[in-house]
Amino acid sequence: MPDALAGLRGPIAPLTGVDVAALLQVQAACYGDALLEGAAVYARRLASPAHCGLGLHAEGRLLAYLAAYWSVRGAVTPLHGDFAPHADADTLYLHDLAVRPDHAGQGLGQRLLGAAWHQARVRGVRHAALVSVQGTRGFWRRQGFAPAAAQPPALASYGADALYMTRTLDG
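Residues 1 to 171 (this note's numbering) make up the sequence shown, in order.
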């Protein structure tokens, strides 16, 4: 089935070091100061072999991004932490999904998630995990995520409302 927004909103492609400045602009437009992560952090993450993040570019700029990496269930990268590679990765960890506010409500986040689910299926990964912040639990529940029974200690770096959520990916 063709992607109805593909022609209007540009292609989805892996995030690279070239995207760091634009990624920081999107991040700043979406998050409060307490959750902002710097250029050096993202440069290291994008250089990690575990990195599998995606960006959606159009109109000469980055409109949305999904910072993600291959991980294991229960492992959480603390805020400002590096994406650690795991030889036995069984989980697609979604660290950050952000859409420029002037493009919100256009399905860009859904497109990025769909592309990430495809990557996971191709790789044989059957689980996804994330830390919900800033009141996003409802959004993530609609994406099939539920609170995990065990909440990892690294959540403290994200603030009091942080919640570790997981889901099984369809085959």
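Backbone N, C-alpha and C define an ideal beta-carbon position, used for all residues, glycine too.
| Check | Outcome |
| --- | --- |
| Secondary structure of Met165, DSSP reduced to three states | strand |
| Reduced DSSP secondary structure (H/G/I, E/B, other) of Arg126 | coil |
| Pro14 in three-state terms, based on DSSP | strand |
| Beta-carbon spacing of Val131, Tyr93 below 7 Å | no |
| Counterpart residues of Ser132 in DSSP-defined beta bridges | Leu163 |
| Residue ranges of each beta strand (DSSP E) within the stretch 40–121, 3 or longer | 54–58, 61–71 and 91–99 |
| Among Ala34, Pro153, Leu112 and Val18, the one whose alpha carbon lies nearest that of Arg45 | Val18 |
| Buried versus exposed call for Leu8 [16 or more other C-beta atoms within 10 Å across all chains shown] | Reliability fails at Leu8, whose pLDDT of 41 lies under 50, so the model's placement of it is uncertain and no value is given. |
| Cys30 and Ala104 closer than 7 Å at C-beta | no |
| Alpha carbon of Ala4 to alpha carbon of Tyr42, nearest angstrom | Annotation note: pLDDT 36 at Ala4 (below 50); position unreliable, coordinate value reported separately. For Ala4 and Tyr42, the distance between alpha carbons rounds to 30 Å. |
| Cut-off 7 Å between Cβ atoms - residues of its own chain near Val76, not counting five sequence neighbours on either side | Val131, Pro152, Ala154, Leu155 and Tyr164 |
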